[in-house]
Amino acid sequence: MGNLVKNSSFMRSKEDIVNNWLPRYTGRELADFGSYILLTNFNNYVELFANTYHVEIKGKDKAMPNATFDGITIINFGMGSANAATIMDLLSAIHPKACLFLGKCGGLKKKNNIGDFILPLAAIRGEGTSDDYFPPEVPALPAFTLQRAVSTTIREMHMDYWSGTVYTTNRRVWEHDTEFKDYLRKVRAMAIDMETATLFITGFGNGIPTGALLLVSDQPMIASGVKTDKSDESVTKNFVNNHVEIGVKSLQEIKNHGTSVKHLKYSYTED
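Be aware that the sequence shown starts at 1, since it is given in our numbering, and climbs by one per residue.
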């Protein structure tokens, strides 16, 4: 036992762990990551990115497939708040300059239509995972400059978006629960998902500027709006191309110090 304790190959610090685990989860060496990160829950987002820019997808046999072009790496980190926390901890190994989540969400308001974009101003921490990082009273907020870059990109593409609060939950199947729906109406959230609040909090904890752009993929407050395989295929066909394009252009806006950041101080850390 004494020899094992002295073994220098043991991973004693967080840095040791994430430096080892990020390549293990993604199949990509640390030096090969871009400084700007797109996060998604879907392989077809990674495939679209790779096909558009003619780059290789790495980690197809790993937990988190990914691709890199022009300093931007897109990663499918999986679904749910636990995976959201994991990827942000792992990304601390490379200290990205910006991290943008391209997620799907359920629209909670009658005015939200399928295919609408929602730019979250804040997220409600209903998932519990983020409580392991900060006390419950700490708000889950995105990096303002990153959200401003997304806003600029959308308007330059002659499109529009809603802004508001997203409720993040660990529950995957809740659409039948009338009491929970009543609660969602009380908190007046515009959308619901499973990752945004966790990403904002763990990004803050790891000193990574983090933002999100959500695509309304279903309307779960009404029975006819609950997501099905057919409805999700329609969303993918009609709206995902724009979602990815906005994400890439927004990070390029930050990377190239474009209009949205020209008159702002942009810090790569939250301190």
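Positions of the beta carbon are idealized from the N, C-alpha and C atoms, including for glycine. Treat the numbers as computed from the prediction; the structure is a model and nothing was measured.
SER275 - DSSP class collapsed to helix/strand/coil: Since the first residue of the chain shown is 1 and the last is 271, residue 275 is not available in this structure.
Beta-ladder partner(s) of GLY106, from DSSP: Taking the first residue of the sequence shown as 1, we reach residue 106 at position 106. Its beta-bridge partners are ILE192 and ASP218.
Collapsed DSSP secondary structure at ILE201 in the structure displayed: Stepping through the sequence shown from its first residue, residue 201 is reached at position 201. Note: ILE201 maps to helix in three-state DSSP.
Cβ-based burial, PRO136 [other Cβ within 10 Å; buried from 16]: Taking the first residue of the sequence shown as position 1, residue 136 is located at position 136. Exposed.
Pair within 8 Å by beta-carbon distance, PHE101 and TYR161: Taking the sequence shown and counting its residues from 1, the one referred to as residue 101 is at position 101. Taking the sequence shown and counting its residues from 1, the one referred to as residue 161 is at position 161. No, these two residues do not count as a Cβ contact at 8 Å.
Those runs of the beta strand (DSSP E) which lie wholly inside the segment 16-48 and span at least 3 residues: 36-40
Beta strand (DSSP E) runs contained entirely in the segment 70-124, provided each spans 3 or more residues: 72-76 and 98-107, all fully within the segment 70-124.
Best match in ARG24, HIS257, GLY164 and GLU245 for proximity to THR52 [C-alpha to C-alpha]: In the sequence shown, the residue the question calls residue 52 occupies position 52. Residue GLU245 is the option with its Cα nearest to THR52.
Status (buried if at least 16 other CB within 10 Å, exposed otherwise) for GLY275: For the chain, the structure presents residues 1 to 271; residue 275 sits outside this window and is missing.
Cβ contact check for the segment 139-150 and the segment 224-231: 3 or more pairs under 8 Å: They do not touch, by the three-pair rule.
Cβ distance (whole Å) where GLY128 is taken to contact ASN170 below 8 Å: Within the sequence shown, residue 128 is the residue found at index 128, counting from 1. Within the sequence shown, residue 170 is the residue found at index 170, counting from 1. Rounded, the Cβ-Cβ distance is 6 Å, consistent with contact.
Backbone CA spacing between TYR133 and VAL235 [nearest angstrom]: Taking the sequence shown and counting its residues from 1, one reaches residue 133 at position 133. Taking the sequence shown and counting its residues from 1, one reaches residue 235 at position 235. TYR133 and VAL235: Cα-Cα distance of roughly 34 Å.
Contact between the segment 64-80 and the segment 27-47 (3+ Cβ pairs under 8 Å): Output reads yes: the segment 27-47 touches the segment 64-80.
Inter-residue CB distance, PHE196 and PRO120 (contact presumed, cutoff 8 Å): Start at 1 with the first residue of the sequence shown, and residue 196 comes out as number 196. Start at 1 with the first residue of the sequence shown, and residue 120 comes out as number 120. The question names Phe, but residue 196 in the sequence shown is Thr. So it is a contact: roughly 6 Å between Cβ atoms.
Spatial distance of LEU141 from LEU22 (CA atoms): In the sequence shown, the residue the question calls residue 141 occupies position 141. In the sequence shown, the residue the question calls residue 22 occupies position 22. Rounded to the nearest angstrom, the two C-alpha atoms are 25 Å apart.
C-alpha distance - THR68 paired with ASN83, whole-angstrom precision: Sequence index remark: in the sequence shown, residue 68 carries index 68 (1-based). Sequence index remark: in the sequence shown, residue 83 carries index 83 (1-based). Near 20 Å, if we compare the C-alpha coordinates of ASN83 and THR68.
Where the alpha helix (DSSP H) containing SER151 begins and where it ends: Indexing the sequence shown from 1 puts residue 151 at position 151. Looking at the DSSP string, the run of the alpha helix (DSSP H) that includes SER151 is 144-156.
Rounded C-alpha distance that separates ASP232 from ARG12: Along the sequence shown, read from residue 1 onward, the residue named residue 232 stands at position 232. Along the sequence shown, read from residue 1 onward, the residue named residue 12 stands at position 12. Spanning the two alpha carbons is a distance of roughly 43 Å.
Rounded separation between MET190 and ALA223 - CA only: The residue labelled residue 190 in the question sits at position 190 within the sequence shown. The residue labelled residue 223 in the question sits at position 223 within the sequence shown. Cα to Cα, MET190 sits roughly 18 Å from ALA223.
For ALA63, the nearest candidate out of LYS110, ARG28 and VAL55 (CA to CA): As a working mapping, residue 63 is identified with position 63 in the sequence shown. Cα-wise, what sits closest to ALA63 is ARG28.
Cβ-Cβ separation, SER130 to THR202 (assumed contact under 8 Å), whole Å: Indexing the sequence shown from 1 puts residue 202 at position 202. Indexing the sequence shown from 1 puts residue 130 at position 130. Confirmed, Cβ separation roughly 7 Å.
Backbone CA spacing between GLY199 and ALA212 [nearest angstrom]: Mapped onto the sequence shown, residue 199 falls at position 199. Mapped onto the sequence shown, residue 212 falls at position 212. The amino acid at residue 199 is misidentified as Gly; the sequence shows Leu. Looking at the two C-alpha atoms, the distance is approximately 9 Å.
Where LYS60 falls: helix, strand or coil (DSSP): Your numbering for residue 60 matches position 60 in the sequence shown. Coil at LYS60, not helix or strand.
Range covered by the beta strand (DSSP E) that runs through SER163: Within the sequence shown, the letter at position 163 stands for residue 163. First-last of the beta strand (DSSP E) with SER163: 162-169.
ASN66 (DSSP reduced to helix, strand or coil): Taking the sequence shown and counting its residues from 1, one reaches residue 66 at position 66. Residue state, collapsed to three classes: strand.
Element boundaries [alpha helix (DSSP H), containing GLN129]: To locate residue 129, count along the sequence shown from 1; it is residue 129. First, the residue type needs correcting, since residue 129 is Thr and not Gln in the sequence shown. Premise fails: THR129 is in no alpha helix (DSSP H) and is neither H nor E.
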